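S.K.: Counting from 1, one number per residue, gives the positions in the sequence shown under UniProt numbering.
Got a structure for you, questions after.
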Amino acid sequence: HRLGDSGITLRYAYLSQRGYYPEDLHKSNQDAFRITPSIGGESSSFFAGVFDGHGAEGDTCSAYVRDTFEPRLRKAMDEPNSDLQVAHTTAFAECNVGMHEQDFDDSMSGTTAITAYFRDRQLVIANIGDSRAIMGEKKGQRVIAHSLSMDQTPYRADERARVKKAG
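This is the structure:
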């Protein structure tokens, strides 16, 4: 996908592998993804999201966020004086509230989310949970991997402290 006149060309791939559950060998894949080139017809934009469900309704949770996050992000970006960080925070919060209002029990289920949003020459990575974004940079005949996110997990000291402080 070429990002408008920016000179940036995106190449992307995705792969989903069902988790291994010895007690349920036929458990469904709980992963979902969404790729939207040229958001709203704007050729200099691109959205990608990966959602990894967990719990009994994980597949339903990840599908719900896949289907509702990007439209909510677009709506939040249309608000006056909205920046990309505020728009992402708003869209994630609305997905969370909306998921609680659905006809499935998400009390012990949910989803991670990692999203990448390009607009013009700006890239925003947003992350909830332990999914990761990695960017490859071509250098000669090699491709160098760059981590674009940090897992949000209680195994990280700062996240553990944040969770404890929140009660």
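Glycine included, each C-beta is placed from N, C-alpha and C at the ideal position.
Note that the structure is predicted; figures quoted are calculated from it, not measured.
Per DSSP, R66 forms a beta bridge with which residues?
M.R.: The partner list for R66 (beta bridge, DSSP) is empty, contrary to what the question assumes.
S.K.: What residue does the beta strand (DSSP E) around R34 start on, and which one ends it?
M.R.: Looking at the DSSP string, the run of the beta strand (DSSP E) that includes R34 is 31 to 37.
S.K.: Which residues in the same chain have their Cβ closer than 6 Å to the Cβ of T9, if we skip the five residues on either side of it in sequence?
M.R.: Only R2 meet the Cβ criterion.
S.K.: Select from S149, T90, D105 the residue whose C-alpha is nearest the C-alpha of I114.
M.R.: Residue S149 is the option with its Cα nearest to I114.
S.K.: Can you name, in chain order, every residue of its own chain whose Cβ lies under 7 Å from the Cβ of E57, other than the five neighbours on each side?
M.R.: The answer, listed in chain order, is F104, D105, D106, S109.
S.K.: Taking the CB atoms as reference points, tell me whether V124 and H88 lie closer together than 8 Å.
M.R.: Against a cut-off of 8 Å, the Cβ pair of H88 and V124 comes out as a contact.
S.K.: Which two residues bound the contiguous beta strand (DSSP E) that contains K164?
M.R.: Here K164 belongs to no beta strand (DSSP E); instead the alpha helix (DSSP H) covers 157 to 166.
S.K.: Between which two residues does the beta strand (DSSP E) harbouring L123 extend?
M.R.: Unbroken beta strand (DSSP E) run through L123: 122 to 128.
S.K.: Between P71 and V86, what straight-line distance do the alpha-carbon atoms span, to the nearest angstrom?
M.R.: For P71 and V86, the distance between alpha carbons rounds to 15 Å.
S.K.: I'd like the list of long-range same chain contacts for G55, defined as Cβ closer than 6 Å, with 5 residues on each side in sequence excluded.
M.R.: Answer for G55: M108, S109, listed in chain order.
S.K.: I'd like to check one pair, I128 with Q152: are the Cβ atoms closer than 8 Å?
M.R.: Cβ distance < 8 Å, so Q152 and I128 count as in contact.
S.K.: For my contact list, G53 and T90 are in at a C-beta cut-off of 8 Å; report their separation, rounded to the angstrom.
M.R.: Not a contact, Cβ separation roughly 22 Å.
S.K.: Could you tell me which whole beta strand (DSSP E) segments of length 3 or greater appear in the stretch 45 to 109?
M.R.: Those beta strand (DSSP E) runs which fall completely within the stretch 45 to 109 and span 3+ residues are 45 to 54.
S.K.: For A166, count the other beta carbons within 10 Å of its own beta carbon; 16 or more makes it buried, fewer makes it exposed. Which is it?
M.R.: Exposed.
S.K.: In three-state terms, what does DSSP make of G19?
M.R.: Looking at G19 - three-state DSSP - the assignment turns out to be coil, as it is neither helix nor strand.
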